[in-house]
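Right, one structure below, let's go through it.
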Amino acid sequence: METPDIVLFFGRFHPLILHLPIGFLALAFLLEILSRFERFRAYRPAVGLTLLLGAASAAVAAILGYMLAQGGGYGEDLLSLHQWLGIGTAVLAIVSFILYQQRNKQVNPVMDKAYVSTLSVMILVLMGAGHFGGSLTHGSDYLTQYMPNTLRKLAGMPAKESKEIKPITNLEEAVVYSDIIYPIFDTRCVSCHNPDKKKGELMMHTAEALLEGGENGPIFVAGDPEKSEMLLRIHLPEEDDDHMPPDGKSQLTDEQVALLTWWVAQGAPFDKTVAEVSVDEETQAVLNTLVDPNANKSEVEVLLASEVAPADEQTVANLQQRGVMIMPLAEKVHWLQVNVPRSASADSLMNELGKASEQITWLDFGNTATTDEALETLPQFKNVTRLHLENTQVTDAGLAFIAKLPYLEYLNLYGTQVTDEGIQQLSSLPNLRKLYLWQTQVTEQGAAQLQEANPQIEVNIGVENAEAKKSDSAVAAR
51 METPDIVLFF
61 GRFHPLILHL
71 PIGFLALAFL
81 LEILSRFERF
91 RAYRPAVGLT
101 LLLGAASAAV
111 AAILGYMLAQ
121 GGGYGEDLLS
131 LHQWLGIGTA
141 VLAIVSFILY
151 QQRNKQVNPV
161 MDKAYVSTLS
171 VMILVLMGAG
181 HFGGSLTHGS
191 DYLTQYMPNT
201 LRKLAGMPAK
211 ESKEIKPITN
221 LEEAVVYSDI
231 IYPIFDTRCV
241 SCHNPDKKKG
251 ELMMHTAEAL
261 LEGGENGPIF
271 VAGDPEKSEM
281 LLRIHLPEED
291 DDHMPPDGKS
301 QLTDEQVALL
311 TWWVAQGAPF
321 DKTVAEVSVD
331 EETQAVLNTL
341 VDPNANKSEV
351 EVLLASEVAP
361 ADEQTVANLQ
371 QRGVMIMPLA
381 EKVHWLQVNV
391 PRSASADSLM
401 NELGKASEQI
411 TWLDFGNTAT
421 TDEALETLPQ
431 FKNVTRLHLE
441 NTQVTDAGLA
451 FIAKLPYLEY
461 LNLYGTQVTD
471 EGIQQLSSLP
481 NLRKLYLWQT
491 QVTEQGAAQL
501 QEANPQIEVN
511 IGVENAEAKK
521 SDSAVAAR
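Numbering-wise, my numbering comes out as the position in the sequence shown, counting from 1, plus 50.
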């Protein structure tokens, strides 16, 4: 028989109400203990009201919890334990309140002991109900998941098993499901789909459970990603009620979605290795990152993802006092971006900047009086990835020093006196991708020559600049 919607509707209020009895009953117990000391005797009248509110809210929480359980999706054993402990808490809270009233009417040691004993047992049962309720929501190992082995030993528990995913060293020999697909399920799905918490009657902790599917049947159609319920839900907007993982949970990355789609498309194999299935180029790129996380990253991305020691605080302070804007490239990293004010120049700052050369990765001398001479020490700034020199006095001579920056990815030489001959020195830069040369002496022919030598460089000489060069050439030809 299907549970009426009204029952499930009210059941959803259980998580909202359940914190009330926890707070009221814990407070009542604390007030009762304190009120037995002369100093806190004034608290005694508050015990009765607090205990009454706790008992009433515990009863309501138990009823709503029973309604919520009718919707299913929870492990029977854990649910039963939590349910009976919750009911026990409500009953003991009511009995405690009755004994409290009786004790106040007839003060005698026997009644007092009965009251205190019942209250104490109720608190213990409350703690158990809360713990197992949390296990229903977050998993049975939620409380002990990060418990140090020292405490586990004292508690008589076995040492914590390492769940660290073993790195894949040989991609061809990796088993598609156990080495690649299951780790995705384990980190994104199993917490809500396991024997203790079967959301949608679906369990994903084993291959057998996965094949059984949930209340709506199989979650995937082997060989057909477009008809697979799992993938359809993954691709729904995150705000959609049917989106998986649900809003508020850790979401799948694009790479993980790609791997799941590939797995289903290959027939959802459970025992085949990567060498035994077909792998397209895009999937291969994702798989490569499982062996080497930096496989698809550029040298610059790898550099900026690495750690660097913080710059000397006094050096940073000195530069800031001279008007230099110097700040971290991002939160919690020590890579620095530096912007020199127009009133200064590299010539007067290179010595001080050199003290932080290891950390500086973005360097902006744009619109300053910086000269070629200042750039002589630039090669020591080996980690610079972006360099602004627009509207400076830099010429071809300065490019010789710039050509020694191995990680330089972006270079702006707008409005400088560099020429076709000079920029050819930049062809050996392995990571240079964007070069801006508007309003310089560089021609289209010079830019084309550079790109032919290093096709990875995107040279931008500006439309207006290019047209002007053509016009000058036409005039000269007359």
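Ideal Cβ placement from N, Cα and C applies to all residues, glycine included. These figures come from a predicted structure and were not determined experimentally.
The beta carbon of residue 57 lies closer than 8 Å to those of 117, 120 in the same chain, with the five residues before and after it left out. Residue 413 is positioned such that its CB atom lies closer than 8 Å to that of residue 388. In the DSSP assignment, residue 159 falls within the alpha helix (DSSP H) that extends over 159-188. Under the three-state reduction of DSSP, residue 137 is assigned to helix.
The beta carbons of residue 177 and residue 146 sit no closer together than 8 Å. The three-state secondary structure of residue 267, taken from DSSP, is strand. Rounded to the nearest angstrom, the Cβ distance from residue 96 to residue 137 is 26 Å, too far for a contact under 8 Å. Below 8 Å, enough C-beta pairs join the segment 354-373 and the segment 402-419 to call them touching: three or more. A distance below 8 Å separates the beta carbons of residue 481 and residue 459.
Residue 83 carries a helical assignment under DSSP once its states are collapsed to helix, strand and coil.
Under DSSP, no beta-bridge partner is assigned to residue 255. Annotation for residue 368: no beta strand (DSSP E) segment contains it, though the alpha helix (DSSP H) segment containing it runs 363-371.
Only exposed fits residue 297, as fewer than 16 other CB atoms lie within 10 angstroms of its CB.
DSSP places residue 510 within a strand segment (E or B) once states are collapsed to three.
Contact between the segment 457-473 and the segment 424-439 is present, with at least three C-beta pairs closer than 8 Å.
Here the alpha carbons of residue 236 and residue 174 stand approximately 33 Å from one another. In this structure, residue 376 sits away from residue 309, with a CB-CB distance that is not shorter than 8 Å. Fully contained in the segment 372-453 are the following beta strand (DSSP E) runs of length 3 or more, in chain order: 375-378, 386-389, 410-414, 436-438. If the five residues before and after residue 295 are omitted, its C-beta is found closer than 8 Å to the C-beta atoms of 238, 239, 242, 301, 302, all from its own chain and listed in chain order. Counted as a single uninterrupted DSSP element, the stretch harbouring residue 322 is not any alpha helix (DSSP H), since DSSP gives it neither H nor E. Residue pairing by DSSP puts residue 225 in a beta bridge opposite 323. Each of 406, 52, 351 was checked against the Cα of residue 364, and the nearest Cα belongs to 406. The DSSP-derived three-state label of residue 309 is helix. Counted as a single uninterrupted DSSP element, the alpha helix (DSSP H) harbouring residue 199 occupies residues 199-204.
Counting along the chain, residue 114 sits inside the alpha helix (DSSP H) bounded by residues 94-119. Under the three-state reduction of DSSP output, residue 248 falls in the strand class. Straight-line spacing of the CA atoms in residue 425 and residue 492 works out to 20 Å. Partner residues in the beta bridge of residue 462, as assigned by DSSP, are 438, 486. For residue 332, the enclosing alpha helix (DSSP H) has its first and last residue at 331-341.
A residue is called buried once 16 or more other Cβ atoms fall within 10 Å of its Cβ, and residue 478, having fewer, is exposed. Around the Cβ of residue 107, a 10 Å sphere holds 16 or more other Cβ atoms; the residue is buried.
Between residue 418 and residue 380, the C-beta spacing is not below 8 Å. For the options 114, 329, 346, 164, the alpha carbon positioned closest to that of residue 64 is the one of 114. Secondary structure at residue 132: helix, using DSSP grouped into helix, strand and coil. When the five nearest sequence neighbours on each side are left out, the beta carbons in the same chain lying within less than 6 Å of the beta carbon of residue 255 are those of 240, 244, in order along the chain.
Taking a contact as a CB-CB distance under 8 Å, the pair residue 421 and residue 397 counts as one, their CB atoms being some 6 Å apart.
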